[in-house]
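*Asks:* What follows is a structure written as structure tokens; I'll ask about it next.
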Amino acid sequence: MRGVEPRASAMRMLRSSQLSYIPGSYILFSMNVDPLTIQAIRHTLHCLAGCATGEVLGMIIGTALGWHDAASIALAIVLAFFFGYLFTFYSLRRAGMKFKAAIKTAVATDTVSITSMEVVDNLALILIPGALSASLSNPMFWWSLALALFIAFWVTVPVNRWFLARNQSHHHMHHH
Numbered sequence: 316m317r318g319v320e321p322r323a324s325a326m327r328m329l330r331s332s333q334l335s336y337i338p339g340s341y342i343l344f345s346m347n348v349d350p351l352t353i354q355a356i357r358h359t360l361h362c363l364a365g366c367a368t369g370e371v372l373g374m375i376i377g378t379a380l381g382w383h384d385a386a387s388i389a390l391a392i393v394l395a396f397f398f399g400y401l402f403t404f405y406s407l408r409r410a411g412m413k414f415k416a417a418i419k420t421a422v423a424t425d426t427v428s429i430t431s432m433e434v435v436d437n438l439a440l441i442l443i444p445g446a447l448s449a450s451l452s453n454p455m456f457w458w459s460l461a462l463a464l465f466i467a468f469w470v471t472v473p474v475n476r477w478f479l480a481r482n483q484s485h486h487h488m489h490h491h
């Protein structure tokens, strides 16, 4: 029954690490994906939620108002940062962090992630033919936005992993 032991161990890790809400978490553990990469995926999924909310609202508002591409993209970026920070701030406050500390932590932890996501997402939208000129009723608008966010997610995971590794190393050097 030794073959069952690693599976049970992975499930215990999964339950104890608060990663159970990530789709496919068990698959990641069974593939021996390191905990730092899983943490980076979790952080990137959280960032994606805020960025996607801002991107969608920004593109909807800009398109509905008939704004040109640059103005729509600028609004989408501003809203992506706003919602990215807001979602992290809300999570930190819910966990009991004080208001000012939650703001500082959200900005410190999410700026690199949101910046990476936004650069890649908007570059993808610019490069996908017809994406920026598609109306809200055109499936091209939604497919290109989904594809751009998908690409941005997978480019941002290693960025977040690097950032987390760097900060853990920095924290370890200064606190031990």
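Heads up: take any position in the sequence shown, counting from 1, add 315, and you land on this note's numbering. We put the CB at the ideal spot given by N, CA and C, even for glycine. None of the values given here were measured: they were computed from a predicted structure.
Quick one: grab the DSSP three-state call for A355.
*Replies:* Three-state DSSP puts A355 in a helix.
*Asks:* Would A421 and L407 be called neighbours here (beta carbons separated by less than 9 Å)?
*Replies:* Contact flag set, yes.
*Asks:* With DSSP run on the structure shown, which of helix, strand or coil describes G377?
*Replies:* Of the three classes helix, strand and coil, the one that applies to G377 here is helix, per DSSP.
*Asks:* Out of M455, N475, L479 and N482, which one is the CA nearest neighbour of P444?
*Replies:* Closest by alpha carbon: M455.
*Asks:* Is there contact here, the segment 436-443 with the segment 463-473, by at least three beta-carbon pairs under 8 Å?
*Replies:* The segment 436-443, when compared against the segment 463-473, does touch it at the 8 Å Cβ threshold.
*Asks:* Kindly indicate the opening and closing residues of the alpha helix (DSSP H) around M412.
*Replies:* It is not in any alpha helix (DSSP H) - M412 carries neither H nor E in the DSSP assignment.
*Asks:* Measuring alpha carbon to alpha carbon, tell me which of S387, I418 and T352 ends up nearest G399.
*Replies:* When each option's Cα is compared against that of G399, the closest is I418.
*Asks:* Please name the residue in I376, V348, N453 and V393 whose C-alpha comes closest to that of E433.
*Replies:* For E433, the nearest C-alpha among the options comes from V393.
*Asks:* Using CA coordinates, which residue listed in I429, H383, G411 and R409 is at the minimum distance from H361?
*Replies:* Taking only the C-alpha atoms, the option nearest H361 is I429.
*Asks:* Looking at the structure shown, is G369 part of a helix, part of a strand, or coil, going by DSSP?
*Replies:* In this structure, G369 counts as helix in the three-state DSSP scheme.
*Asks:* For S448 and A386, I'd like the C-alpha separation in whole angstroms.
*Replies:* The straight-line gap from Cα to Cα measures roughly 13 Å.
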